[in-house]
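Visitor: Per the working numbering, the very first residue in the sequence shown carries number 9; after that it's consecutive.
Glycine included, every Cβ here is placed at the ideal spot set by N, Cα and C.
Because the structure is a prediction, the values reported are computed rather than measured.
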Amino acid sequence: MFSPEVEARFKKIEEDLTVSAEILRRFEIEGKERIGRVEAAQETLAQAQDALLHSQKAQARVQDAMARWLDEITEKMNAIADAHARLEDAHARLENTVERFLKARTNGSEN
9 MFSPEVEARF
19 KKIEEDLTVS
29 AEILRRFEIE
39 GKERIGRVEA
49 AQETLAQAQD
59 ALLHSQKAQA
69 RVQDAMARWL
79 DEITEKMNAI
89 ADAHARLEDA
99 HARLENTVER
109 FLKARTNGSE
119 N
C-alpha cells in the first residue's frame, strides 16, 4: 500500500514507540519504588518525631517533679535552719541562765 520507504519509516516509528513504552513502563515502576521508599522514610521519620515528642514530654514531667522536690527540699532546709537558729538562741539563753545560777550560788556561798 505504501512505498517501502514509508513502510520502513512506519516500522521504525512503531519500534521507537515500543521502546519508548517500555522505557516509560520501567520509569513508572522505578518511580513507584522510589515513592515507596520515600513514604517508608517519611513514616520512619514521623515515628521518630513521635518518640522524640513523647520523650520530651516525659523529660518535662521529670523536670517539673524535680523542681517541686527542690522547692520542698529548700523549704525543709529553711525550716531546719530556722530551728537551728532557735536552738542556738535557746542554748545561749540556757548558758546565760546556768552562768548566772552558778555565779549566784558562788556569790551566795562566799557570804
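Can you grab the Cα-Cα spacing for the pair residue 86 / residue 70, in whole Å?
Guide: Start at 1 with the first residue of the sequence shown, and residue 86 comes out as number 78. Start at 1 with the first residue of the sequence shown, and residue 70 comes out as number 62. Roughly 24 Å between the two C-alpha positions.
Visitor: Just the C-alpha distance for residue 38 and residue 19, rounded to the nearest angstrom, thanks.
Guide: Looking up residue 38 in the sequence shown gives position 30. Looking up residue 19 in the sequence shown gives position 11. Cα-Cα distance, rounded: 28 Å.
Visitor: From residue 84 to residue 78, what does the alpha carbon distance come to, in whole angstroms?
Guide: In the sequence shown, the residue the question calls residue 84 occupies position 76. In the sequence shown, the residue the question calls residue 78 occupies position 70. Their Cα atoms are separated by approximately 10 Å.
Visitor: Please state the DSSP three-state secondary structure of residue 109.
Guide: In the sequence shown, the residue the question calls residue 109 occupies position 101. Residue 109 falls in the helix class under three-state DSSP.
Visitor: So, helix, strand or coil for residue 28, using DSSP?
Guide: Here the question's residue 28 lines up with position 20 in the sequence shown. Looking at residue 28 - three-state DSSP - the assignment turns out to be helix.
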